[in-house]
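This report concerns only the one structure given below.
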Amino acid sequence: MTERQQIVSTALLAAGVALVFAGMSSALHFSAAGIVAAVATIAGLLYAGGVWFGGSVKADRSVIIFDRGLTVVSGAHPGRPVSDNFPLHVRRDFEQRCRDAFDGRSTWFSIPGDTERRRFEVAPIRTADGVIAFGIVISGDFVRQAAQELTPVA
-7 MTERQQIVST ALLAAGVALV FAGMSSALHF SAAGIVAAVA TIAGLLYAGG
43 VWFGGSVKAD RSVIIFDRGL TVVSGAHPGR PVSDNFPLHV RRDFEQRCRD
93 AFDGRSTWFS IPGDTERRRF EVAPIRTADG VIAFGIVISG DFVRQAAQEL
143 TPVA
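For the record, in the sequence shown the residue sitting at position 79 is 71 according to the numbering used here, with numbers rising by one throughout.
Next comes the structure, spelled out in structure tokens:
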């Protein structure tokens, strides 16, 4: 949003709040209850507008890092189970693949019926000492994109 649009939208918001407050207050004879009702109405309208017009952010499943409890530590929806990022019909298989990562096995899968037919890779993340600290889920699209940007090591 440009600076001009921000100024115009702020002015319209302020004018709308003032008009609703004045109208509600005068309709209720400027009583204390009328003022409270006007403020409550304005708050409700602002909340409803924010919910209605506020954009929902689509979870980016390109890279998700999870711990041994299969909880997301970085990526889409941190603090929630890693399987929450995938459809119900693949969660059991997906969770097993995540557990396999902590046994040192890397696997890949795609979601049946997914219109995008994306491939996901599940792998362990090791420390310098070789200890598996976390697991990672990487979208195949992200892997292909990163591979194009990487320089091969000779």
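Heads up, the beta-carbon is just placed ideally off N, CA and C, and yes, glycines get one too.
CA-CA distance, residue i and residue j?
i: P104; j: R84; result: 14 Å
i: A29; j: F78; result: 44 Å
i: V12; j: G71; result: 41 Å
i: V129; j: G96; result: 14 Å
i: Y39; j: A10; result: 16 Å
i: G15; j: R110; result: 54 Å
i: F126; j: H69; result: 16 Å
i: P73; j: D121; result: 27 Å
i: Q(-2); j: F94; result: 49 Å
i: I56; j: S1; result: 37 Å
i: V65; j: L80; result: 21 Å
i: S54; j: S131; result: 5 Å
Helix, strand or coil, according to DSSP, for residue i in the structure here?
i: S1; result: helix
i: T33; result: helix
i: G61; result: coil
i: R84; result: helix
i: V123; result: coil
Who are the near neighbours of residue i in its chain, counting only those whose CB is closer than 7 Å to its CB and skipping five residues on each side?
i: T99; result: R89, D92, V114
i: L20; result: G26, A29
i: I148; result: An answer regarding residue 148 cannot be provided, because it is not within the stretch -7 to 146 covered by the chain.
So residue i is in the beta strand (DSSP E); what residue range does that whole segment cover?
i: S23; result: It is not in any beta strand (DSSP E) - S23 carries neither H nor E in the DSSP assignment.
i: I117; result: 111 to 118
i: F78; result: First-last for F78: undefined, no H or E at that position.
i: S102; result: 99 to 102
Can you tell me which of the options puts its alpha carbon nearest to the alpha carbon of residue i?
i: I124; options: D59, P70, F101; result: D59
i: L5; options: G41, F22, S18; result: G41
i: L62; options: P116, L37, A32; result: P116
Looking only at its own chain, which residues have a Cβ that is under 8 Å from the Cβ of residue i, when we skip the five neighbours before and after it?
i: F101; result: V82, D85, F86, R89, R111, F112, V114
i: T119; result: A125
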